[in-house]
Every structure is written in C-alpha cells, then in structure tokens.
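Written out below as structure tokens is the structure these notes cover.
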Amino acid sequence: MSKHHIRVTINGTVYEDDVEARTLLVHWIRDGLHLTGTHIGCDTSSCGACTILVDGKATKSCTMFAVQADGREIMTVEGLEQGGKLHPMQEGFHEMHALQCGYCTPGMMMTGIALLQRNPHPSEQEIREGISGNLCRCTGYVNIVRAIQYAAEKMSAEAQVPVSSSEGGA
Amino acid sequence: MIPGPFDYVMASSVAEAVALLQQHGDEAKILAGGQSLIPILRFRLASPSVLIDINRIPDLDYVQEADGILHIGTLAREAALDSSSLISTRYSILHDTARNVADPVVRNWATVGGNLAHADPANDHPATMLALGASIVATGPDGQRVIPIEEFFADSAFETTLHPDELLTEIRVPAPVERSGGAYFKLERKVGDYAIAGVAAYITLDSGGVVTRAGIGLTNVGAYPIKARAAEQALIGSPLDDGAIHHAAELAAAAAEPTSDTRGPAEYKRAMVRTLCVRALRKALSRATGGE
Chain W
786 MSKHHIRVTI NGTVYEDDVE ARTLLVHWIR DGLHLTGTHI GCDTSSCGAC
836 TILVDGKATK SCTMFAVQAD GREIMTVEGL EQGGKLHPMQ EGFHEMHALQ
886 CGYCTPGMMM TGIALLQRNP HPSEQEIREG ISGNLCRCTG YVNIVRAIQY
936 AAEKMSAEAQ VPVSSSEGGA
Chain C
34 MIPGPFDYVM ASSVAEAVAL LQQHGDEAKI LAGGQSLIPI LRFRLASPSV
84 LIDINRIPDL DYVQEADGIL HIGTLAREAA LDSSSLISTR YSILHDTARN
134 VADPVVRNWA TVGGNLAHAD PANDHPATML ALGASIVATG PDGQRVIPIE
184 EFFADSAFET TLHPDELLTE IRVPAPVERS GGAYFKLERK VGDYAIAGVA
234 AYITLDSGGV VTRAGIGLTN VGAYPIKARA AEQALIGSPL DDGAIHHAAE
284 LAAAAAEPTS DTRGPAEYKR AMVRTLCVRA LRKALSRATG GE
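Here the protein sequences come in this chain order: W and C.
The working numbering numbers the first residue of the first sequence as 786 and each following residue consecutively.
The working numbering numbers the first residue of the second sequence as 34 and each following residue consecutively.
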C-alpha cells in the first residue's frame with residue numbers, strides 16, 4: 786500500500802499532504818482539509834453533490850483519488866465568495882430560492898459555474914442538460930435553472946463592465 | 034465505501050505503462066478516466082494490487098482524421114467527442130453515443146478507451162464501434178497490433194482479448210464514405226443510468242439507394258456487446274425501405290439475449306431492441322441521404 790506526497794492548490798491556497806493511494810479526493814478535502822462545503826451524497830458518481838472544479842472541469846470528487854489531484858488546481862464551493870461578496874451563482878441561488886434542503890446546492894453551483902465558463906449564454910434546455918448529472922431530491926429544478934440564468938446574466942453584465950471602463954481609460 | 038489498499042503508479046509514457054503491466058500482470062489495473070473503475074473499487078468488486086495511472090501520458094487524447102481513418106487516442110474524454118465539430122459533423126453516431134454516456138460531469142473524465150476496454154455490455158461505445166467496424170490498437174512489449182472490434186470482446190462480460198501486458202492505445206474508425214450514415218439510440222430510465230436497451234446502426238448506400246454495407250450493434254441485452262449479424266446481412270443488397278427496416282429490426286431483436294432485471298422483463302427489452310433498431314435505421318438513412 787503506497788503513500789504519496791501531493792501538492793494541490795485549492796481556492797488559491799496550496800495544500801501539501803501525504804495520502805494513501807486509496808484516499809478519495811472528496812474524503813481528503815472534507816476530512817483532511819475540513820473543507821466540508823463539498824458534500825457526499827450517493828458515493829457512486831450518480832448524484833453530483835460532491836462536484837468540484839479540477840483544472841476548471843466539473844468533477845465528481847467521489848470518483849477521483851486524491852493522489853490524482855497532485856499538481857492540479859481545484860475550486861470548491863468555499864472559493865466562490867470573495868471578500869464577503871457572494872459569487873453571482875450564490876446570489877442567484879439566494880435570489881431565486883433555488884434550494885430547499887440545500888444538500889445538492891454546492892455541487893449544483895460548481896456544475897453551473899463550469900457550464901457558464903463553457904457557454905456563457907445557455908438556453909434553458911442547455912442548462913437542464915448541463916445539470917443532468919446533479920440530482921436534487923427536493924425536485925426543485927425550476928428555481929435551480931432560474932438561478933443559473935440569473936448568474937449567467939449577472940456574470941455577462943459584470944464581464945462587460947471592465948471592458949468598457951478600460952476602453953474609456955485608453 | 035473505501036477501496037481496499039493498493040499501490041499507485043503513474044506512468045509517464047505508453048512504454049512505461051506497458052513495462053508496468055509486464056511487471057504486475059493480472060494484479061494491475063489501468064486507471065484512465067476512472068468513472069467505472071473507481072466505483073468498482075469502492076464496492077470492492079475488484080481488488081487489484083496496483084493501479085497504473087495513464088492520465089498524465091502526453092498526447093494520448095487526440096481525435097483526428099488522417100488517411101481515411103478517424104484516430105481516437107485512448108485518453109480522449111467523452112466530453113471532447115461531445116464538443117468536437119469533426120465528430121458532430123462527420124461522425125453523428127459517435128456524437129449520439131458520447132452524449133448518451135453517463136452524464137455531462139462524468140463525461141469530463143470518462144474516456145472512450147476505457148468505455149471499450151472495460152468491456153461492460155452495458156457500456157455505449159461497444160455497440161457503436163461494432164456498427165462502425167472500428168478497430169482497436171493494442172500496444173504491448175513487442176509493439177502494436179490491430180484488433181478488429183468484433184474480435185475484441187470476449188464472450189463474457191468485462192473480458193477482452195487484450196493480453197495482460199497490452200494497453201489499448203487507440204481506436205480507429207473508417208472515415209465515412211459517400212451516402213453513409215448512422216445513429217445510436219438508447220432507452221434509459223434516467224440520465225446516467227445504463228441502457229434498458231441500446232441500438233447502434235450504420236449503413237452505406239450505393240447511388241441507387243441500395244445498401245452496400247450495414248452494421249448493427251446492441252447495448253446491454255446480453256453478456257457481451259452483440260453484433261446483429263443476421264440483421265446486417267438481411268439489409269445488404271436491398272433499398273432501405275420500411276419493409277427492410279422492420280425485417281432487420283425483427284432479426285436484431287432475435288439476436289438479443291436479454292435477461293429480466295430491475296430495468297424490465299426480457300421480452301420488454303427485446304421489444305425495445307426492435308423499436309430502437311427501426312428508429313436507428315431510419316435516422317441512419319436520413320443522415321446517409323443528407324438529412325439530420
């Protein structure tokens with residue numbers, strides 16, 4: 786049984802640790818680093834509650850070993866809020882009442898962010914397809930879709946602001 | 034659910050992965066996307082003593098057409114097929130298939146090579162590759178050999194004809210010729226589930242609309258991925274009219290060997306093979322004649 790030294794950047798902070806090969810990434814993040822915002826639902830890559838971003842890709846962290854994350858950049862739900870300000874995706878979930886029990890919410894938001902990075906203006910159908918690997922058992926998908934639409938609008942509006950101000954300054 | 038203990042080795046080249054396979058033999062498993070292997074380890078359905086991680090081997094994730102062949106590197110992710118304009122414009126059947134594998138998050142890591150090498154009769158690419166007449170490039174200590182897809186799957190689930198010291202390194206698909214097209218239809222209970230049944234169909238027509246080549250593969254209706262040979266043969270030499278489509282679908286349903294389980298009774302699955310085969314052939318015909 787091998788142990789491995791890993792160095793992983795999570796939400797901008799570098800973490801180093803020695804992990805057993807069989808340690809799953811989600812267990813290392815939750816139990817090793819105490820970043821418990823990432824949830825464990827089904828444990829079998831079906832539900833998406835444990836979704837995080839690994840090198841920008843939405844990833845079910847119950848289905849990757851911690852050792853595989855060595856050298857990679859990870860973002861978890863704890864990385865969304867910046868300086869006390871909610872990320873537009875968090876704001877969208879708040880404004881659109883997109884959670885009931887909240888268990889699926891971290892995974893939904895991370896999948897939503899990866900979706901908007903790839904496709905900043907998704908249709909409702911594209912959003913529904915994009916989150917089809919994330920299960921909400923309160924079955925509140927309507928508001929989750931609205932929250933992601935809210936985030937899409939807000940993020941594209943914010944993306945335009947620096948462009949016009951830099952043009953103005955040039 | 035924690036996997037049993039194992040050693041982990043990261044291979045930095047195909048040669049290194051092959052050397053590790055030689056060293057560890059049956060005790061080793063290749064870790065590619067891990068989307069099937071890791072759940073299996075967690076359920077302790079398998080307990081390999083060594084995992085050989087091939088994810089960091091450079092230049093194994095290509096999807097490119099050259100010399101009349103589509104070359105898919107073993108590490109090409111399903112998401113890459115989904116977003117590839119080459120695949121969506123020229124290989125619609127592969128696009129259908131990739132979009133039906135598990136769910137979009139799983140597809141970010143799941144590989145085409147793994148989907149085939151795992152040889153799960155419930156996986157989606159085996160049927161499609163059988164319909165396409167693909168071949169598998171296996172790399173071992175003595176170099177490469179090319180295995181026709183119909184000789185790749187053994188007659189029991191999760192078994193291939195790869196040697197223990199061979200790595201699946203590439204999938205080759207013949208580039209489409211004129212008037213050819215295919216489609217993959219999968220019936221599933223919900224996104225992410227295995228197929229209740231799935232049918233892949235690929236056809237080529239001559240200028241008079243007569244079928245010159247037909248491939249039909251079936252998903253999750255037997256102990257191994259099934260090539261519906263009688264159905265293929267019946268199509269050749271005739272126009273692909275409704276009568277021919279229904280006759281082939283009957284033969285495809287007869288070739289299925291489903292068992293009753295939580296996804297439905299055997300006879301229901303057989304009936305679904307018939308229905309899906311009709312739909313897949315109609316779609317294949319539409320695509321072969323310039324439609325969507």
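Yeah, the Cβ is synthetic: ideal placement off N, Cα and C, and Gly gets one too.
Judged by their CB atoms, Ala150/C and Thr252/C are not nearer to each other than the 8 Å cut-off. Assignment of Phe850/W by DSSP, reduced to helix, strand and coil, places it in the strand class. For Tyr217/C, the enclosing beta strand (DSSP E) covers residues 213-221.
The Cβ neighbour count for Glu300/C, taken over all protein chains shown within 10 Å, is under 16; the residue is labelled exposed.
In the structure shown, Ser168/C adopts extended strand secondary structure according to DSSP, grouped into three states.
For the stretch 804-889 of chain W, the full-length beta strand (DSSP E) segments reaching 3 residues or more read 836-839, 842-845, 858-860 along the chain. With 16 or more other Cβ atoms from the protein chains shown falling within 10 Å of its own Cβ, Pro258/C counts as buried. With its beta carbon at least 8 Å from every one in chain W, Gly146/C lies outside the interface. Annotation for Pro181/C: Ser168 place their beta carbon closer than 7 Å to its own, counting only its chain and skipping 5 residues before and after.
Secondary structure within the stretch 141-200 of chain C: the beta strand (DSSP E) runs of 3 or more consecutive residues, fully enclosed, are 168-173, 176-181 (chain order).
In the three-state reduction of the DSSP assignment, Glu914/W falls in the helix class. Secondary structure at His104/C: strand, using DSSP grouped into helix, strand and coil. When only Cα atoms are considered, Tyr935/W and Gln902/W end up about 14 Å apart. Shown here for Ser69/C: same chain residues with a beta carbon closer than 6 Å to its own, the five before and five after excluded, namely His151 in chain order. Only those residues of the stretch 804-829 of chain W whose C-beta falls short of 9 Å from the nearest C-beta of chain C are listed: Glu805, Ala806, Arg807, Thr808, Leu809, His812, Asp828, Thr829.
Phe39/C belongs to the set of residues whose beta carbon lies under 8 Å from a beta carbon in chain W. In the DSSP assignment, Leu309/C falls within the alpha helix (DSSP H) that extends over 299-321. Against chain W, the CB of Gly225/C has a partner CB under 8 Å away; the residue lies at that interface. Residue environment for Pro905/W: exposed (fewer than 16 other C-beta atoms within 10 angstroms of its C-beta). Under the Cβ criterion (8 Å, minimum of three pairs), the stretch 48-57 of chain C does not count as touching the stretch 810-823 of chain W. Apart from the 5 residues on each side of it in sequence, Ser121/C sits with its Cβ closer than 7 Å to the Cβ of His128 in its chain, given in chain order.
Just so you know, the alpha carbons of Asn919/W and Thr308/C end up roughly 30 Å apart. The DSSP-derived three-state label of Asp59/C is helix.
If the five residues before and after Leu273/C are omitted, its C-beta is found closer than 6 Å to the C-beta atoms of Val244, Leu318, all from its own chain and listed in chain order. By the Cβ rule, the stretch 188-197 of chain C does not count as touching the stretch 288-295 of chain C, because fewer than three pairs are nearer than 8 Å. Straight through space, the alpha carbons of Gly250/C and Pro159/C are spaced by roughly 8 Å. About 13 Å separates the beta carbon of Ile73/C from that of Ala65/C, a gap too long to meet the 8 Å contact definition. By the neighbour-count definition (other C-beta atoms within 10 Å, threshold 16), Gly106/C is a buried residue. Contact annotation: Lys788/W and Glu805/W have beta-carbon atoms nearer than 8 Å. If you keep only unbroken beta strand (DSSP E) runs of at least 3 residues inside the stretch 219-283 of chain C, you get 228-238, 244-252. Setting aside the 5 residues that flank it on each side, Met34/C is surrounded in the same chain by Arg75, Phe76, each with a C-beta closer than 7 Å to its C-beta; the list follows chain order.
Chain order gives the chain C residues near Lys842/W as Asn141, where near means a beta carbon separation below 7 Å. The CB of Thr836/W comes closer than 8 Å to the CB of Val138 in chain C, given here in chain order.
Those residues of the stretch 909-924 of chain W placed with their C-beta closer than 9 Å to a C-beta in chain C are Glu914, Gly915, Ile916, Ser917, Gly918, Asn919, Leu920, ordered along the chain. Assignment of beta-bridge partners to Glu203/C by DSSP yields Gly106/C, Val170/C. Taking a cut-off of 8 Å on C-beta distances, the stretch 204-218 of chain C does not touch the stretch 268-286 of chain C, as fewer than three cross pairs fall below it.
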